[in-house]
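Trainee:
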Amino acid sequence: MGNLVSKATKAAIRHAKYRKSPKVNKDDLLVGILQVISRFDIVQIGQLTIDLEDFQGISKDGYMDEPANIGNQKVAYSSSANTIFEKAAYIARKHNSPKVEVVHLLVAFADENNGLMAELKEKYGFSGRDWRVALSDWQSFSSEKTAMDSKIAIGAKSMADVSEKQFFSPDEAAEFLGVHVQTIRGYIRMGKLPALRLAGERALRIKREDLLALLEPFKPEET
Numbered sequence: 088m089g090n091l092v093s094k095a096t097k098a099a100i101r102h103a104k105y106r107k108s109p110k111v112n113k114d115d116l117l118v119g120i121l122q123v124i125s126r127f128d129i130v131q132i133g134q135l136t137i138d139l140e141d142f143q144g145i146s147k148d149g150y151m152d153e154p155a156n157i158g159n160q161k162v163a164y165s166s167s168a169n170t171i172f173e174k175a176a177y178i179a180r181k182h183n184s185p186k187v188e189v190v191h192l193l194v195a196f197a198d199e200n201n202g203l204m205a206e207l208k209e210k211y212g213f214s215g216r217d218w219r220v221a222l223s224d225w226q227s228f229s230s231e232k233t234a235m236d237s238k239i240a241i242g243a244k245s246m247a248d249v250s251e252k253q254f255f256s257p258d259e260a261a262e263f264l265g266v267h268v269q270t271i272r273g274y275i276r277m278g279k280l281p282a283l284r285l286a287g288e289r290a291l292r293i294k295r296e297d298l299l300a301l302l303e304p305f306k307p308e309e310t
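Residue numbers (the numbering used here): 88 to 310.
(1) Taking the C-alpha atoms as reference points, what is the distance between Gly215 and Gln134?
(2) Quick check on Ala99: does DSSP put it in helix, strand or coil?
(3) Tell me which residues share the same chain as Ala290 and place their Cβ nearer than 8 Å to its Cβ, disregarding the 5 neighbours each side in the sequence.
(4) Span of the beta strand (DSSP E) holding Asp138?
(5) In whole angstroms, what separates the C-alpha of Ala243 from that of Asp258?
(6) Taking Val111 as the reference, give the member of Ala168, Ile124, Asp138 with the closest Cα.
(7) Given Leu91, which residues of its chain have a CB within under 8 Å of its CB, disregarding the five upstream and five downstream residues?
(8) Tell me whether Lys294 sits in a helix, a strand or coil according to DSSP, three-state version.
(9) Starting from Ile132, follow its DSSP beta bridges and name the residues at the other end.
(10) Residues in its own chain within less than 8 Å of Asp141 by CB, not counting five upstream and five downstream?
(11) Out of Leu116, Asp138, Val220, point me to the one whose CA is closest to Ser166's CA.
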């Protein structure tokens, strides 16, 4: 299971202990999930907005005065919580996911018509279908954001690597300047771009400052 799922289950266990219950039920699980995906007690899933402060005992700030011995209590998952886990696992497999994610757990609550989920549906006026649509939008956004963050991180690393690089191969030099490698080789043959040869090797290396020296100020009349 994903790291967020692990955090959610820990929050669910904590909520059950706070209730002094020996069992983690499905409501505890839903509370745990909503807590870990919330910000300032606000959960935004697609077009749905849920304020945890609207529901007694599920706000993140509701544990300020928790009993000192809460960590020593032993709890187990109830049959209702296990049913949600089983549904989520089925949903994950159905959609070819290698592991159960928080979104699969949330989808598993779509058809629940009692307990906390029923309260959410009544208060915010959404159906099980509305819930699944919102989660579909939320998952798409989360996936795109993760992919974009990954690309940005890779790009930032590449830029850092280039900024520290002192010697370039002709291919690397072409990529650095955004030109074809044959252009670089032509500059070398014409003597316009100095190049060094590794001792005893055919490989060419070009100094960074020599590459930058190829750049000259742009004159507007050249357009």
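Heads up, the beta-carbon is just placed ideally off N, CA and C, and yes, glycines get one too.
Mentor: Quick answer:
(1) 14 Å
(2) helix
(3) Ser256, Arg284
(4) 135-138
(5) Bear in mind that the predicted position of Ala243 carries a pLDDT of just 46, short of 50, making it too unreliable to give a figure here.
(6) Ala168
(7) Val123, Ile124, Glu188, Val189
(8) strand
(9) The partner list for Ile132 (beta bridge, DSSP) reads Leu135.
(10) Around Asp141: Lys210.
(11) Leu116
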